[in-house]
Structures are given as C-alpha cells and as structure tokens.
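Below is one structure, written out as structure tokens; comments come after it.
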C-alpha cells in the first residue's frame, strides 16, 4: 500500500482536469457527496457548505474516531468544509458571496426544499446567471411518490435489483448489500455536471442537471439486468441473462468463481480438474461444446473435480489453463491482493486528528492533468477561515460572523 | 410508457451537451459501449467501428430477433456503425481518415492489443495529436494479473462484493447478479472522457484516460462497502455498515422492504402494525429509541405485525405513516410502476428490422442542451454509406472498398 503525505494539506494550486472549477456543495450522505468527490478528485475546488451544529448528517453515522465518521470520510476527500447558518440573513448573504464565485451548485434535497430555502434555480440564477444548477431528487420532481423520502434499499426493491438477486439455489431474493443506486446516481450526476460544464465552455448557457435516483437506478440496471424486457414480444430467441448464470462453485474447503466463455476456456476447465479425456473428446470441440448434453457433462465433471480440490489448488490450476478465475477475497484480503497492491489502488495515510485511514485512488487516470492527493476529508467547518479570508473577510469580520452565529465557533 | 418516433433516424443535427464531439468507438460488450452510449445520449456522434463479419461480440449473445441481440441493443443506442477490416492497409487508411476528424478514441482491449494493431496511443497521436485516448483495461497495464482476461464476476470476487453479499439469514455468499463492475467502469470512463474534453477545451493537451476495471470496482464499492476498513486501528467506535442491515421483511404473502432511520419513521413502523401503545411509550421516544432492548422490542413487534399483514396492506399502512417502503417489484411490474411511468423512464419504440423494443431515457436531464432520442442501436455496419459519403467517398469508391473486403457487403 502506498503512502501519501496525509495531513490537512492546502487546496491551493490544484491539478486535474477540473482545476479552476468551483463547486458549492450543499448535498449530504452519499448520492451528492460522492458525485462531488469525483470532481474534487479531478481538481475542482469543492466547498462543502454544511448546516449548523453537526454538519452533513453522514457525520452522525457509524465508524467514528475523534469526530470523524466513516461514511463522511469515504465520500468527502479533497473538499473544503464551512458551516453556514443559511436561515440567518447574514448567512444567506455570505452564501451568496460564495455563489457569485462558483461554477456549480449541488444539492440532494426533496423537491421543493431548495425553493423554501430561497435556493431554487430561479433564486440562484439571479445571483449567478451562468451557474450549473445540479440536483438529485429521489423519485421525481412530481408524480405519485415525489414527496417520499428515498433510500437506496427502497429503490432497489422498486427497480428490479431485488428480484434479480434471487439465488436459484436457495431460493430467496436479497438486496445488493451496498448502496448501489446511491452510487450509480452519484456517478450519473458527476458525469452530467462535467457535461454541462463542457457545454457551457462551448457556448451553451449555464443550465440545470437533474438526476432522479429512481431513474438512475433503472438506467444502471437495465443494459444487462433487464435483457428479458428489452425486446417486446414472444418471438425473441434464446432469452438469457448473464447474471442468472453467475454462480459460486464449491471447492473442498470453500468456493470459487470462474467464467469460461470461449472454447479454449471451456476445455481449460476440464483440463484443470484432470479431465484431459473429456477436454480432448469430440463432444467438447467446436459447435458440440454448446450442445445441452455436452454442456451438462462438462459442468458436472468440472463441479465434481473442483469439489475434490482445495481452493488454492483449484485457483492455480484454472489460472494455469488461462480460465478467468478468482478466489472469494474477504475485505481484509482485498487490501493485500498482489494486483491491487501493485496498482496502488488503496492508499493509507494519517490525519492529525482522526489518525490513520485508508482511501481509494480515483479509477480514471489522466496522463496530463494528473491528480495529486493532498487533502483528506475535512473536519466540520475546518476551512471556514481560509474560505472567508479569500472572500476578503478579515479576522475581525470573522469574529463578528461567529458572534452572530452565522458560522460555528 | 411514452412513445418515440422509432425508426432508424438520422444522426444529423444532434442536441445535447456533447453535440459536436465525435467519438471513434472500438470497444465491445459492456464496459466501453455503455460509456460511449452515455456520451451518445448527450449528443456526441459516436461511430462504432466494428470488426469484420460479425461486429461487436455482443451481437452474438442472447435475446435475438432479426439480427439484433439484446446486450448490443441496450448498450448502443444513438450510435452509428461501420464495419472496417483494420488488418487490411486500405482499412487502416480509412480508419485514419475517421481518426483525423475525431475528438476521442475508445477501446477496451487487453494491454498490448492496441499496440499490436498499430492503434497504441503514440500511433494514434501521430495521426491526431490532440485526441483524447480512452481505454479500459481489466486488471492493470502491468502487474501480476495484467495479461488475464477480466469478466465482471471475477472482479466481484476480488473486490469484496461477493463477501459483502453474505445474507446473514442463509448464510452463504452470492454475487451481485448483474454486471455491476462492468457498469461502474463504464460510468467512470464516461465521466473521465468528459473531464478530459473539458480540460482540453480549457487549454490542456489531448491526453489519455485509462480506467482499470479492478480499480473501478473497488472505488465504486468502497465508500459504504468498505466502511470497516476506512479507518485503521482497533479504536474505531460503533463499526457498522448500512448494507449489513439491509433486509427483506416477511409479510403474510411475501416480503417488503422498509427503511426507518428517523424517530418519526421508527414510531411510524409501530403505528403501521397497530402498535400505537408502543409508539406512544417512553421506550420509543427520543434517545430511548436506540437503546438495544427497545430496538429489539420494536423490531420484534414490527416483524410480528407485518407477518400478519398482506403485502399490499403493509405497504399502504407504512406509506400512510410516511415510512420509506416498497414492495419487491418483478421486472414486469417495474415497467408498470406509477412513478416510473410518470417519469417516462422507459420508452417503447419500433425498429423497422428488429421490431418493438424498450429503452431507458438517460437519467441526467439537462434543461438547455436537451436530449432527443432519434436513433436506436444500429444493425451491423448500417451507417457505412452515410459515414463514407461524409468523408467524400462516392458510390464508386464505396464499391471498390466493398470489393476489397475493407467494409462488408
């Protein structure tokens, strides 16, 4: 695991393709914050404007140490934090100063909340006409569920993820056990904001980008998950969904995942379990490979063979035969996998307050506008003084703002 | 379900934030094609250059009708297709003509393949110095697994998705039963390409954007999935992962998903099952709500109550109490959900060759550079004549290219 400088770091001269872009981030928990972290990781100056007292509610969730919480930590690297009480006129005035200097504003409230706070698109555009106005909503701006609060597992039930997660061997359905729709929404929003910035750079006006979690969940699931419904009618041949064939194959001491899709790989599975006789048989060459009886013979032979092998031996034999294969790594083993270590995917560093932590390098790597990790997730309102200084509020003015309860002590 | 014009449509004057951007897409199956579909859905002119005879191998997979396959259909809307034999010098020359007019080139081969085809970054940059060179690789450009073929379920085993998918009630692990890492990779690439275009527009050189599926899988999983590993050390308080609490609750005739995270919602679950007595008790007010004994009392009471209710009644009662809740929709029911229908998320249309099909509207909606769906996924090399005409190859020249086997008949 590689090491970065850690510490608090300055957000001064930032590298990355989004260097020079300023984003005012009012969003909380996962769908908004993870989107703006993608952009912060590419050099955008993301100023997280957090509500009074406790800030983003993700700061109240689990995995604490010294005032930092896990979910906030993992979704807010490279950002700056300032607490502002937007319900005070002085707070709103301060926010408007920031708004004037920003390229993007992001929120993930329920429909109508922004307008109630005086932060609807029309309000914001009066202060900054060319801003990109980005918002996540749960179900839709209107419609029968628009006023409901949305959470990831609820969307999973509504969009087919749960019904697809029916393991045929058990068989009961399950949820995807992480916030897959929150995160698909975040990635959709990050790309949408970037596209709106590109369009603006090429002459389009500043505009709104809205992502509905329900829609984003369906769009992410659809390409392979809804294959049975992409053509309408009863005359579709060979209806099949790859995910329905996803399976863990038992070994003597556990389970293994392999995926043999070419003729070589199919024959390789037989060789890996010592069935050269079958691998060389005519029944497992050319078109005969996919005849149902031969497939069944092969699947049975491979299952029987693997069930007699230790996982480590099965893995080695399948790798040797160039069959795509992996052991099932525990989360601790993920941290130590040789390729993951080689890639420098996971970085360990130390923050002066919350101590040693791990983060992930962004997966998109740019050859010219390179990313440099400088700043771990901020403590609540940690950057208030620096941000206000940039706006020209000197120490005396900041003291007044604190005395007025506009920013936290 | 709304209706679009369907038909083949022209890719002429395109709307969307990426209008005016041309992308040469050499990628196949899911991770590359889904990325370029995001960009095509935003107005980019994506020219899919497909290999001779059968094109993208996704055209060989399941769910066929009249020469169109499901996985190709769902990942290639709004693109144009031309088959070119890149191994013939005339084919490579034709490709280079397209390259000169393009802003982005995308591939998802194993490391080294592009170079063997004369399409490595250095080769491409000789023809078009300012191009964005985008590539997906499986495990990494180098490192112990670099030469292996990567498939989604293999990456799921290596990156913690499978170990997280352990349903505590069964308990055996499972895979996420759709290509979640392929798709996270696609979204990462789509955003990365857009960011590189933005940087270029703002003065940076054309550059490469590389996404490794292994890394993209970890980055997508990490923020909530790896919460137990984001802080290093044994002194982390209240280690908890939301996904571990994801559960389906049995009703009299099925199961239901609800998510009560505020005091009101927790009390609402009790009222929904007729336990006003508990909802009003001091044990379920304020801080007492999260005392373990009271939580257990509440969970048990709600489980017992829901187990006696039909799913439809349980759903109605929880909605009435403003508790986030959903029934588990089958894929067919997803198509008919009132909010999904209201949003116009799923669109039905007819193609003159492959007939009626469904597609999904892009989840990012722009107020100014609006998307208009015009073109369903193309038949193999369907747009060869139009593309060659634009390059100035007249009917006679195209006849020669066909006779030479450079483009298909």
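Protein chains in written order, with this note's numbering: chain A, 16 to 424; chain B, 16 to 424.
C-beta atoms are modelled at their ideal positions from N, C-alpha and C, and glycine is treated no differently.
- Annotation for residue 413/B: the continuous alpha helix (DSSP H) segment containing it runs 410–418.
- Residue 89/B has its alpha-carbon roughly 22 Å from the corresponding atom of residue 210/A.
- When beta bridges are read from the DSSP output, residue 381/A appears opposite 224/B.
- For chain A, the residues of the region 235–257 of chain B that bring a beta carbon within less than 9 Å of one of its beta carbons are 235, 236, 237, 238, 239, 240, 241, 242, 243, 244, 245, 246, 247, 248, 250, 251, 252, 253, 254, 255, 256, 257, in chain order.
- By the C-beta density criterion, residue 321/A is buried, having at least 16 other C-beta atoms within 10 angstroms.
- In the DSSP assignment, the residues bridged to residue 96/B are 63/B.
- Under the Cβ criterion of 8 Å, residue 49/A is counted among the residues facing chain B.
- With a beta-carbon spacing of about 4 Å, residue 86/A and residue 73/A fall inside the 8 Å limit used to define contacts.
- For residue 80/A, the closest of 170/B, 248/B, 235/B by C-alpha to C-alpha distance is 248/B.
- When C-alpha distances from residue 188/B are compared across 176/A, 270/A, 259/A, the shortest belongs to 270/A.
- The DSSP assignment places 278–287, 291–295 as complete runs of the alpha helix (DSSP H) inside the region 271–298 of chain B, in order along the chain (cut-off: 4 residues).
- Taking 8 Å as the cut-off, the beta carbon of residue 152/B is found closer than this to the beta carbon of residue 225/B.
- Looking at the DSSP output, residue 264/A bridges to 271/A.
- At least 8 Å separates the CB of residue 395/A from every CB of chain B.
- Between the region 342–353 of chain A and the region 168–178 of chain B there are three or more C-beta pairs closer than 8 Å, enough to call the two in contact.
- The criterion of a C-beta distance shorter than 8 Å is satisfied by residue 391/A and residue 372/A.
- Among the residues of the region 43–74 of chain B, those with a Cβ less than 7 Å away from any Cβ of chain A are 45, 49, 53, 57, in the order of the chain.
- Close partners of residue 350/B in chain A (Cβ separation under 7 Å): 244.
- Between residue 38/B and residue 96/B, the beta carbon gap of about 13 Å keeps them out of contact (Cβ cut-off 8 Å).
- Here residue 395/A is not near residue 106/A, since their CB atoms are 8 Å or more apart.
- Here residue 366/B is bridged, per DSSP, to 370/B.
- Burial is judged here by how many other beta carbons sit within 10 angstroms of a residue's own beta carbon; residue 193/A has at least 16 and is buried.
- Residue 391/B sits in coil when the DSSP states are folded into three classes, being neither helix nor strand.
- Residue 289/A has a beta carbon lying at 8 Å or more from every beta carbon in chain B.
- Going by C-alpha positions, residue 173/B is about 39 Å away from residue 387/B.
- For the options 318/A, 297/A, 42/A, the alpha carbon positioned closest to that of residue 309/A is the one of 297/A.
- Between residue 164/A and residue 131/A, the C-beta gap is not smaller than 8 Å, which leaves the two residues out of contact.
- A distance of 8 Å or more separates the beta carbons of residue 45/A and residue 230/B.
- For residue 147/A, the enclosing beta strand (DSSP E) begins and ends at 147–152.
- Per DSSP, residue 37/B is one residue of the beta strand (DSSP E) stretching across 37–40.
- The beta carbon of residue 399/B sits closer than 6 Å to those of 97, 422, all from its chain and outside the five residues before and after it, given in chain order.
- For residue 119/A, no CB of chain B lies under 8 Å from its own CB, so it is not counted at the interface with that chain.
- Using beta-carbon distances, residue 140/B does not count as an interface residue toward chain A, since no partner is under 8 Å.
- For the 8 Å CB-CB criterion, residue 71/A and residue 43/A form a contact.
- Going by C-alpha positions, residue 334/B is about 12 Å away from residue 159/A.
- The residues 188, in chain order, have a CB closer than 6 Å to that of residue 181/A in the same chain once the five nearest residues on each side in sequence are set aside.
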